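Colleague: Quick one: this structure, given as structure tokens, is what I'll be asking you about.
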Amino acid sequence: MSALEVAGVLRRYFALLYVALFCMVALFWPQVTIRGGAAWGFALAASAAYAGLYLALAALPCLLLSLLPRRLAYRQPLLAGAAVVGGSLVLLAMYADYRLYALYQYHFNGFVWNLLTTPGGVAALGATASTEVTVAIQVSAIVLANLAAMWGLHRYRQLGWQFPARPAVIAGFVLGGLLATEEVVFAYSVHTGQEELLAAADAIPFHMRTSSKTLFQKLGVERRALQSLRLAGGDVVYPGTAIDSSHLKPTNVIVLVAESFRWDLLDPEITPNLWKFSQRATRYENHYSGGNRTRMGLFSLFYGVYAPYWYSFEKQRTAPVLMNVLREHDYQIAAHTSQSFDYPELRHTVFSGVPEANLQEIRTGEPWQRDIRNIDDLSRKIDQRDPRRPFFGFMFFESTHAPYNFPEDQALRSDYLRDMNYIDLDLRNNIGGIHNRYINAAHHIDAQVGRLLEHLEKTGMLEKTVLLFTGDHGEEFMEKGRWGHGHGNTFPEEQVRVPLVLWRPGVAPAVVTHRTSHLQVAPTLLAALGVDQPARSYSSAEPLDRELPYFVFGEYNYMGIDDGQHKITFPFTGSDYFRYSVFDENDNPVERGARDSIVAGATPLLDEVTRESRRFVR
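Per the working numbering, the sequence shown starts with residue 1, numbered consecutively.
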């Protein structure tokens, strides 16, 4: 085949690839909010422009190889192979991003990169064997489709439209100009707060998110968008004052946390052991996590400070006051997880400075099996402890993390979805069966908690121990239109409300109905141990007996404030264009006009939270 024919085949292949890439972008349109003709026009133009950019990336290996001498043997197969490899990789990247966005409402970003590169991160997704098989089949199908297209174009190279070189070059310049125009419009929208266009841009995977504040200022374009916000970055000065624990009462402490465990799982049928125990302890009926992801949920539980601090604290390996006090008083520490101490990064935060010998992570076997083994080992360590020294135990249960794992012969709900294949998961029609899996997993965790409680009772240790059970965050089952947790800039009730059962020896049983937060747990535990220092000197909240005037939630990029009537959310890392979103008490979004009025009225509250989010750094 002549070099001219090779070039013709490659042009036709890349023309087909462009159509496929545009169609891939179009798959994202139903996943985002596109309102109005301007927003739809922008979405169409951006889709066409970015399909051209993805095409250029796919063609790059082929273009580089085209520089090889024409007389070189195997030059033509190399060019065709490079085109297929480039096209396959770009399509696979877009397909992966689409699946990610359809399930979790975010594109490939820094969080996903952290997930892929941190030990234990990928395992934390909980993908099933059927999911992995389906992914392998679909990856193979995309590669084979590219190979088939290249073979067909080569085999029938004399048939059909030949797509001459001149139109191809012109199309390239047009798409390049369209991309430049789209990025200017996007940057202008960021500068002037054109939220409809910015929302439409969420449909574009791997969007460059161009901004040009300086240029528009020089051109005299008024900045109508809100300023960007970066909270809690800097050198950590936590707790900022010396902690006086000289009056500490060396009481044992055990903290039990279950993954994605929302409040309504505390139920006489689903969790009979926990329910029975809660009748003897203090049950907090309206308790909330400090975030809708594990990082922020556990961070708020142990530190009592807002989510933005996580980044600086993790980077500088800052341990919480609670753990520092326990270590100073020679507590025997046994921290267990059925997930990993690397993801989320508990080794660098909550348990920073704790010797590795005191950290047990079980990563092999089914999650329900890991939970059983960890409770066995924690019970054994309790028996083998030095009774002259106080003991701290921690257990992080994994069974209630998707895909919700449990021993099938002990299922509480028989009508559950047998196979959780994330790739072809039909959420609308199968959400009931998925929820039943979750209930079965919670029932299994309850059995393990019951075993531990029984062991503590038999050994007499319970009467010498402060013990609590809670969830790191909640889980949503399409009540507000989503499945799972940690979606976008929202903090629905189902994702942040969790149970809290607190046992303190000698404290009468009680039911607390006022709203409480994870941020109040560490001050409460320290007070129970005899640390009488004001809680606000080392945290952002008072103990659990005080009712907070508002709640603060956080995830990786967004934080939210709940004043009892509305939830106001905004980005705090500076990685996203800044805007406030407002939701009513039922988590419905508030329209822009009413939103602006609510935000204006909440200015003192927003300023107070911002100040508190900078108090422990400089």
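Think of the CB as a built atom: it goes at the ideal place given N, C-alpha and C, for glycine as much as any other residue. Just so you know, these numbers come straight off a predicted model, no measurement behind them.
What first and last residue would you give for the beta strand (DSSP E) that runs through P499?
Modeller: 497-503 is the extent of the beta strand (DSSP E) around P499.
Colleague: What are the start and end residues of the alpha helix (DSSP H) that includes T181?
Modeller: 165-192
Colleague: Checking the sheet assignment: what are the DSSP bridge partners for E361?
Modeller: T337
Colleague: Which residues bound the beta strand (DSSP E) around A258?
Modeller: DSSP places A258 inside the beta strand (DSSP E), whose first and last residues are 252-258.
Colleague: Quick one: any contact between the segment 534-544 and the segment 516-524, if contact means 3 or more CB pairs under 8 Å?
Modeller: yes
Colleague: Taking all protein chains shown into account, do 16 or more other C-beta atoms lie within 10 angstroms of the C-beta of M24, making it buried, or fewer, making it exposed?
Modeller: buried
Colleague: H191: which of F578, S613, T364 sits nearest, CA to CA?
Modeller: F578
Colleague: Answer yes or no: do E361 and T337 have a C-beta to C-beta separation smaller than 7 Å?
Modeller: yes
Colleague: Are the beta-carbon atoms belonging to Q162 and G8 less than 7 Å from one another?
Modeller: yes
Colleague: Buried or exposed: which applies to H247, given that a residue is buried once 16 or more other Cβ atoms fall within 10 Å of its Cβ?
Modeller: exposed
Colleague: Considering just the uninterrupted stretch of the beta strand (DSSP E) at D424, what are its terminal residues?
Modeller: Where D424 is concerned, there is no enclosing beta strand (DSSP E), given that its DSSP letter is neither H nor E.
Colleague: Closest by CA to E457, which one among I34, D383, I204?
Modeller: D383
Colleague: Under 8 Å by Cβ, that's how I've got A402 and G481 pegged, so tell me the actual separation to the nearest angstrom.
Modeller: Not really, about 17 Å apart at Cβ, beyond 8 Å.
Colleague: With distances taken Cα to Cα, identify the nearest neighbour of L89 among R614, V599, L147, W263.
Modeller: Nearest option by C-alpha distance: L147.
Colleague: In whole angstroms, what separates the C-alpha of T251 from that of P549?
Modeller: 31 Å
Colleague: Would you check if there are 3 or more beta carbon pairs closer than 8 Å linking the segment 228-239 to the segment 421-439?
Modeller: no
Colleague: What first and last residue would you give for the alpha helix (DSSP H) that runs through T610?
Modeller: For T610, the enclosing alpha helix (DSSP H) covers residues 603-612.
Colleague: Mark L72 as exposed unless 16 or more other C-beta atoms lie within 10 angstroms of its C-beta, in which case mark it buried.
Modeller: exposed
Colleague: Taking the C-alpha atoms as reference points, what is the distance between H473 and M395?
Modeller: 15 Å
Colleague: Rounded to whole angstroms, what is the Cα-Cα separation between A258 and V133?
Modeller: 29 Å
Colleague: Should the segment 137-153 be called in touch with the segment 435-455, which here means at least 3 C-beta pairs below 8 Å?
Modeller: Contact fails: fewer than three Cβ-Cβ distances are below 8 Å.
Colleague: Relative to the C-alpha of L10, which residue among L100, A46, G87 is closest?
Modeller: G87
Colleague: Specify, as a first and last residue, the run of the alpha helix (DSSP H) that F351 falls within.
Modeller: Under the DSSP assignment, F351 falls outside any alpha helix (DSSP H); it carries neither an H nor an E label.
Colleague: Taking the continuous beta strand (DSSP E) assigned at D376, which residues delimit it?
Modeller: Segment 367-384 is the alpha helix (DSSP H) holding D376; no beta strand (DSSP E) there.
Colleague: If you compare alpha carbons, which of T524, F583, D409, G486 is closest to F302?
Modeller: When each option's Cα is compared against that of F302, the closest is T524.
Colleague: Identify the residues that DSSP records as bridge partners of G291: which are they?
Modeller: G554
Colleague: Short check: CB of P571 to CB of Y580, under 7 Å?
Modeller: Not in contact: P571 and Y580 (Cβ atoms no closer than 7 Å).
Colleague: Could you spell out where the alpha helix (DSSP H) holding V573 opens and where it closes?
Modeller: For the record, residue 573 in the displayed sequence is Thr; it is not Val. Element bounds for T573: n/a, residue is neither H nor E.
Colleague: For the alpha helix (DSSP H) containing T131, name the first residue and the last one.
Modeller: 129-155
Colleague: Taking 8 Å as the threshold, find out whether the segment 201-214 comes into contact with the segment 79-86 through three or more Cβ pairs.
Modeller: no
Colleague: Along the chain, where does the alpha helix (DSSP H) containing A49 start, and where does it finish?
Modeller: 37-65 is the extent of the alpha helix (DSSP H) around A49.
Colleague: Taking buried to mean at least 16 other C-beta atoms within 10 Å of its own C-beta, is S47 buried or exposed?
Modeller: buried
Colleague: Would you kindly work out how many angstroms separate the C-alpha atoms of L359 and S613, rounded to a whole number?
Modeller: Rounded to whole angstroms, L359 to S613 spans 30 Å at the Cα level.
Colleague: Can you round the beta-carbon distance between S278 and V501 to whole angstroms, since I take them to be within the 8 Å contact cut?
Modeller: About 5 Å; that satisfies the 8 Å criterion.
Colleague: Is the distance from the Cβ of L266 to the Cβ of L256 below 7 Å?
Modeller: no
Colleague: Do L197 and A49 have their C-beta atoms within less than 7 Å of each other?
Modeller: no
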